[in-house]
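Enquirer:
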Amino acid sequence: MKKLVFLGLSFILVVMFQSCASIFSASKYPVQLQSTPDRADVVITDRNGVSVFNGQTPAVVTLKAKSGFMKKAIYNIKFSKKGYSSKTYSISASLDGWYWANLLLGGVVGMLIVDPASGAMFQIDKNFIDATLSKESLSLKEKKSNELRVYDISEIPEEWKKHLVEINKINK
3 MKKLVFLGLS FILVVMFQSC ASIFSASKYP VQLQSTPDRA DVVITDRNGV SVFNGQTPAV
63 VTLKAKSGFM KKAIYNIKFS KKGYSSKTYS ISASLDGWYW ANLLLGGVVG MLIVDPASGA
123 MFQIDKNFID ATLSKESLSL KEKKSNELRV YDISEIPEEW KKHLVEINKI NK
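At position 88 of the sequence shown the residue is numbered 90 (the working numbering), and the sequence of numbers has no breaks.
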């Protein structure tokens, strides 16, 4: 009788832990997005370049840890605001430690089917991104036209030299 109870409990434990990561982990993770200055535009694209979020900071976005069967998610996050240089960050999911518990507890089905299909075999560790955007410097056309800069001929790039005009020819 004791053997029968032991076998019954063992069977229940094996069935319960067939997909350890699915039981003990999540497949979607919140990521908080902040920026300096506030109200920056944010575009998040997945590994295929498909947009998964368009909005402004501050924001909290829930991202999936998988990108397909047994494929971890990879996201590019671009912050931009008029008058500031844009900044791009990358987030990549990693293998969840609970996934390996399937080996110890006999969860072959969990390891090969359930956890990969649910996405629980992966986790997103980065849950906060704070982007500091720098003010853009003025382009050459936007600079004041009354500004005069003097260069030595050896200091200018070769591509500028074809636009030079001789203004004074010294005769000897």
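Think of the CB as a built atom: it goes at the ideal place given N, C-alpha and C, for glycine as much as any other residue.
May I ask you to list the residues that DSSP assigns as paired with Phe81?
Expert: Val44 and Lys89
Enquirer: Tell me, which residues are paired with Ile76 by DSSP?
Expert: Ser94
Enquirer: Assuming the contact rule is C-beta atoms closer than 8 Å, Ile76 and Val33 should be a hit. Round their C-beta distance to whole Å, please.
Expert: With a Cβ gap of about 13 Å, Ile76 and Val33 do not count as contacting.
Enquirer: Can you name, in chain order, every residue of its own chain whose Cβ lies under 8 Å from the Cβ of Leu135, other than the five neighbours on each side?
Expert: Ser37, Thr38, Pro39, Ala42, Phe81, Ser82, Lys83, Tyr86, Ser87, Ser88 and Lys89
Enquirer: Taking C-alpha atoms, which residue in Met72, Leu35 and Gln58 lies nearest to Leu65?
Expert: Checking every option, the nearest Cα to that of Leu65 belongs to Leu35.
Enquirer: Count the other CB atoms within 10 Å of the CB of Gly44; is the residue buried (16 or more) or exposed (fewer)?
Expert: In the sequence under discussion, the amino acid at residue 44 is Val, which differs from the Gly named in the question. Buried is the call here.
Enquirer: Go through its chain and collect everything with a Cβ distance to Tyr91's Cβ below 6 Å, but skip five positions before and after it.
Expert: Ile79 and Ile131
Enquirer: In angstroms, rounded to a whole number, what distance separates the CA positions of Lys30 and Gln125?
Expert: 8 Å
Enquirer: Assign Asp98 to buried or exposed, taking buried as 16 or more other Cβ atoms, counted over all protein chains shown, within 10 Å of its Cβ.
Expert: When all chains shown are included, Asp98 counts as buried.
Enquirer: Hey, out of Met123, Val152 and Lys128, whose CA is closest to Phe71's CA?
Expert: Met123
Enquirer: Which value, in whole angstroms, describes the spacing of the CA atoms of His165 and Pro159?
Expert: For the pair His165 and Pro159, the Cα-to-Cα distance works out to about 11 Å.
Enquirer: If I follow the unbroken beta strand (DSSP E) through Lys30, where does it start and stop?
Expert: Lys30 to Thr38
Enquirer: If you draw a straight line from the alpha carbon of Phe55 to that of Lys4, how long is it in whole angstroms?
Expert: A straight line joining the alpha-carbon of Phe55 with that of Lys4 spans about 56 Å.
Enquirer: Could you check whether Ile46 and Lys62 sit closer than 9 Å to each other, using their CB atoms as the reference points?
Expert: Looking at the sequence shown, residue 62 is not Lys but Val. Taking 9 Å as the Cβ cut-off, Val62 and Ile46 do not qualify as a contacting pair.
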